[in-house]
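Trainee: One line per chain: the protein sequences are A and X, in this order.
Using my numbering, you'd call the opening residue of the first sequence number 1 and step up by one each time.
Using my numbering, you'd call the opening residue of the second sequence number 1 and step up by one each time.
There are 2 protein chains.
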Amino acid sequence: MTVCKNIKKLIFKINKAKTNHNSIGFIPTMGALHKGHLSLIQKARKENDVVVVSIFVNPKQFNNPEDLKRYPRTIERDVDLIRDIADIIFIPDTEEIYPKGFGANIHISPLADVGEGKYRPGHFDGMATVVLKLFHITQPTRAYFGKKDYQQYLIVKQMVRDLHLPIKIVGGETMREESGLAMSSRNVRLSHSDKEKALIIYQTLQQGKEIIQQGEQNAQNVIKKMTDITEREEGITIEYIEIRNMSDFLETDEITEDVVILIAAQIGEVRLIDNIEVHLS
Amino acid sequence: MTVCKNIKKLIFKINKAKTNHNSIGFIPTMGALHKGHLSLIQKARKENDVVVVSIFVNPKQFNNPEDLKRYPRTIERDVDLIRDIADIIFIPDTEEIYPKGFGANIHISPLADVGEGKYRPGHFDGMATVVLKLFHITQPTRAYFGKKDYQQYLIVKQMVRDLHLPIKIVGGETMREESGLAMSSRNVRLSHSDKEKALIIYQTLQQGKEIIQQGEQNAQNVIKKMTDITEREEGITIEYIEIRNMSDFLETDEITEDVVILIAAQIGEVRLIDNIEVHLS
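1) Which residues in chain X sit within 9 Å of S109(A), going by Cβ to Cβ distance?
2) So if DSSP puts E242(A) in a beta bridge, which residue, or which two residues, is it bridged to?
3) Would you say M30(X) reaches chain A, if we count a Cβ-Cβ gap shorter than 8 Å as a contact?
4) Any C-beta of chain A sitting closer than 8 Å to the C-beta of P133(X)?
5) Do A219(X) and T252(X) count as a contact pair if the criterion is CB distance below 8 Å?
6) Taking the alpha carbon of L154(X) as the reference point, which residue from G172(X), P99(X), M183(X) and R176(X) has its own alpha carbon closest?
7) Assuming R142(X) contacts I167(X) under a Cβ cut-off of 8 Å, what Cβ separation, rounded to an integer in Å, is found between them?
8) Please tell me whether L294(X) has its Cβ less than 8 Å away from any Cβ of chain A.
9) Does the Cβ-Cβ distance between I41(X) and I27(X) come in under 8 Å?
10) Closer than 7 Å to a non-hydrogen atom of the ligand SAH - does that hold for the CB of D67(X)?
11) Check whether the stretch 74 to 83 of chain A and the stretch 110 to 128 of chain A touch, using three or more Cβ-Cβ pairs below 8 Å as the test.
12) Check each residue of the stretch 158 to 183 of chain A: if its Cβ is closer than 9 Å to any Cβ of chain X, include it; give the result in chain order.
13) Quick one: list the residues of chain A neighbouring H136(X), beta-carbon separation under 7 Å, in chain order.
14) For a cutoff of 8 Å on Cβ pairs, would you count I24(X) as touching chain A?
15) To the nearest angstrom, report how far apart Y285(X) and D93(X) are at their CA atoms.
16) For K168(A), which of helix, strand or coil comes out of DSSP?
17) I want to see whether chain A comes within less than 8 Å of I7(X), judged by CB atoms only; does it?
18) Pull up the distance between the alpha-carbon of V3(A) and that of T138(X), whole angstroms please.
19) Taking contact to mean 3 or more Cβ pairs, one atom from each stretch, closer than 8 Å, check whether the stretch 11 to 29 of chain X and the stretch 213 to 228 of chain A are in contact.
20) Check this for me: beta carbons of I263(A) and I273(A), under 8 Å apart or not?
21) Answer yes if the stretch 83 to 100 of chain X comes into contact with the stretch 233 to 244 of chain X, meaning at least three C-beta pairs across the two stretches below 8 Å, and no otherwise.
22) I'd like to check one pair, I88(A) with I82(A): are the Cβ atoms closer than 8 Å?
23) Excluding the 5 residues preceding and the 5 following G235(X) in the sequence, name in chain order all residues of the same chain whose CB lies nearer than 6 Å to its CB.
24) With distances taken between CB atoms, is the gap from M183(X) to H279(X) smaller than 8 Å?
25) From L190(X) to G268(X), what distance separates their C-alpha atoms?
26) Tell me whether F62(A) is buried or exposed, calling it buried when 16 or more other Cβ atoms sit within 10 Å of its Cβ.
27) Is G31(A) near I55(A), with beta carbons less than 8 Å apart?
28) For R77(A), report the span of its alpha helix (DSSP H) as first-last.
29) Taking 7 Å as the limit between beta carbons, can you name the residues of its chain near K157(X), skipping five residues before and five after?
30) Along the beta strand (DSSP E) that carries R142(A), what are the first and last residues, could you check?
31) So, at 6 Å on beta carbons, what are the nonlocal neighbours of M159(X) in its own chain, with the 5 sequence-adjacent residues on each side left out?
32) Just checking my contact of R134(A) with A104(X) at CB under 8 Å: how many whole Å lie between their CB atoms?
33) Just curious, the alpha helix (DSSP H) that T129(A) is in, first and last residue?
34) Classify N221(X) as buried or exposed, calling it buried when 16 or more other Cβ atoms lie within 10 Å of its own Cβ.
35) Please classify N64(X) as buried or exposed, where buried requires at least 16 neighbouring CB atoms within 10 angstroms.
36) How is G180(A) classed by DSSP in three states: helix, strand or coil?
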């Protein structure tokens, strides 16, 4: 296992792998690794010769400076966690990725303008920009993204398709605690009682799924019933509940095909997102 | 020489070159090839094993639909012109580059916001987006851009640096007709008398250079004197004359380092640009 802090050293390693015709699996992360990340890394380990994990808290994808400041950073623990399954861990500092004068910005429309994009202006541009740069540096055969960040996964897929990058984007299922709470680096910022409150998110998603599978086709009715559930829980503010077609990620009025229900919620100072896929048949 | 119309066939050829460890020289063009393009292609021929030329009139970089419609298209002549110096000519149609649902956009700030970017909104985004896609497809060792489009050359250089693409960007000097007129695909749209009028552009640039080299340091004074010259010529409208530092492409009030003087002018329905570098010592 090698830890690289600069791009030059990383590329030296990558080129060596390329010369040996090794496949490269890449998992970009912002650290504070949890079982969701680990399942992606394990998947990459099975499918590739060389596994590269990056840990970079990307300032450009934080629309809220407080969120950036409080984002958990646990580098030493992270490295220990994955030293036996990753071959290369890339931990650049901000100047290495964004040197003086950096001014590139990638926008993927319309995906980056809706849903989370509407509530977190600039977030997806910052994400896409750093991911594209990391792709150029690591030249992966496959790159792995968790479906907890569903829209991010779709945007990266579209970016790769639009710009014709020779990379396969692999989605990983959302990992959950036994309670149902989606694994997220931000969970470490939740108090015990916040965690209890947060359970309502996944419970509500499951309820929504059940309502649809029982035959409700009117999206607004589903959202109304879900909102009724969340409003019973104190100390949690729902930012949005959206129902979008899985095929095109458009919001739907009438549910006639497979959909994904997405929730964003605020508990104290922590913002959480989660989603559930609903297959009609 | 191979002509490829689709990406898949091109990539097959490119991968073959890569497997043989061949260097690839790439010249993206919009066709209507002239001596400026040819000098870039010849340069690439000398410096690389495989030379790839693309011909694609990129709709995304035209802010003016009339300009797009009237842009000269001379594909058969173009292919004949370069069949002996290029190995691969890539001539995709619009749907091949921008399939249904395409939504990626690359913005390079602050370079794309000033100069030509101010007068042609969206132009540089469209250019950068297609160039990045073509880079991903052709995977060049070196890519060649003419300095007649000075700002374009700088933007591509910044894009490659910002996003860490493993490509060397090579600039080619502006090729001129004997009269001094900068070679441009749009010149074929000029009547004989328009061409006469257009000579004032380069003459004025040369005058500006001389004024600076004679010691004038006040940029506004230089621009004023240049404007006086162009105003004597009828039938040509100067859109802008700008003096920018070569080091950072910022507009300057006081000329204390090497600069580039840039002109955009309209003659009838044809818009022309040109520039001259001024070295102080």
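Note that beta-carbon positions come from the ideal geometry of N, C-alpha and C, so glycine has one too.
Mentor: Here's the rundown:
1) G103, A104 and N105
2) L262(A)
3) no
4) The sequence shown places Lys at residue 133(X), not Pro. It does; some Cβ of chain A falls within 8 Å.
5) yes
6) G172(X)
7) 7 Å
8) In the structure as shown, chain X begins at 1 and stops at 281. Residue 294(X) is therefore absent and cannot be evaluated.
9) yes
10) Questions concerning the ligand SAH fall outside what the structure shown contains, since it holds no ligand whatsoever.
11) no
12) Q158, M159, R161, D162, L163, H164, L165 and P166
13) L163, H164 and L165
14) no
15) This structure cannot speak to residue 285(X), because chain X is shown only from 1 to 281.
16) strand
17) yes
18) 31 Å
19) no
20) yes
21) no
22) no
23) K197
24) no
25) 8 Å
26) buried
27) yes
28) I75 to I82
29) I169
30) R142 to G146
31) I108 and A128
32) For clarity, residue 134(A) is Leu in the given sequence; the question names Arg instead. With a Cβ gap of about 17 Å, L134(A) and A104(X) do not count as contacting.
33) H123 to T138
34) exposed
35) exposed
36) coil
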